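Here's the structure, in structure tokens; my notes come after.
Residue numbers (the UniProt record's numbering): 1 to 247.
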């Protein structure tokens, strides 16, 4: 006796675009809300300073660099097209945030300034996310190489933003092709067959078929008269000719 094997039927898994059929969630809408975050620079040991009111180019020798406010860490993060310089305390609690909001009128130096007397010290313009208040905070990096990488990461983001702004500006200057139709309400005077007709754009008369042209003014001239003299005998001779002998 043959043995009957029962093999369970398998079904292919749905594609990601079909998940909404089973879950009721539109996967494309979820992808639109996804934030892409990447770390452009990270330094574990950063000195954080309270700086006096800026009256010109910042100088590190005006701070008490031997006595920083705290020692924390720094991270430059890019989220989609936005960039932030985040300062953290020793326990990784966010201490201050510097949004780098570069646009056509605000360059990178409006948010991060180099100290003129040292390449390892910078001034950040930090913003309180809740109140919107702004303040200036000084930072110092222990190594020149770390300071160079920090500045290079910000400059790369600035170049990326400038390219994006340039493309948007070029796209806005590209005007659509001009239409050749008359604007609504405009009038055009048309001369047809000696009669003038005014067509108003946007009205029913503009879309209607124009009336046939009046050709009464164009008369066809009669054919010219024959130059041969009229001889009545020719006609009578033809009539009087005897055709009776023709068989």
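For each residue, glycine too, the CB sits at the ideal point set by N, CA and C. All of these numbers come straight from a predicted model, not from anything done at the bench.
Secondary structure at residue 163: helix, using DSSP grouped into helix, strand and coil. Residue 123: member of the beta strand (DSSP E) spanning 121–127, first to last residue. Counted as a single uninterrupted DSSP element, the stretch harbouring residue 130 is not any beta strand (DSSP E), since DSSP gives it neither H nor E.
Looking only at 51, 86 and 94, the smallest Cα-Cα distance to residue 68 is reached by 51. Taking 8 Å as the cut-off, the beta carbon of residue 99 is found no closer than this to the beta carbon of residue 122.
Counted as a single uninterrupted DSSP element, the beta strand (DSSP E) harbouring residue 77 occupies residues 70–79. Going by DSSP, residue 47 is part of the beta strand (DSSP E) stretching over 37–50. For residue 112 against residue 73, the beta-carbon gap comes to about 17 Å, at or over 8 Å, which does not count as contact. The distance from the Cβ of residue 54 to that of residue 148 is about 24 Å, inconsistent with a contact at the 8 Å cut-off. Between the alpha carbons of residue 35 and residue 61 lies a gap of roughly 40 Å.
Three or more pairs of CB atoms, one per stretch, sit closer than 8 Å, so the stretch 37–44 contacts the stretch 145–160.
Between residue 126 and residue 97, the gap from beta carbon to beta carbon is short of 8 Å.
By the Cβ-count criterion, residue 87 is buried, with 16 or more other Cβ atoms from all chains shown falling within 10 Å of its own Cβ.
A check of alpha carbon separations from residue 59 across 48, 117 and 107 identifies 117 as the nearest. In the structure shown, residue 95 falls within a strand segment according to DSSP collapsed to helix, strand and coil. One thing to note: residue 104 has its Cβ no nearer than 8 Å to the Cβ of residue 167. The continuous beta strand (DSSP E) containing residue 114 extends over residues 112–114. DSSP places residue 106 in the coil class of the three-state scheme, outside both helix and strand. Judged by DSSP in its simplified three-state form, residue 67 adopts coil rather than helix or strand. For residue 129, the closest C-alpha among the options 162, 159 and 94 is that of 94. One thing to note: residue 108 has its Cβ no nearer than 8 Å to the Cβ of residue 146. Here residue 144 is exposed: its Cβ has fewer than 16 other Cβ atoms, across all protein chains shown, within 10 Å.
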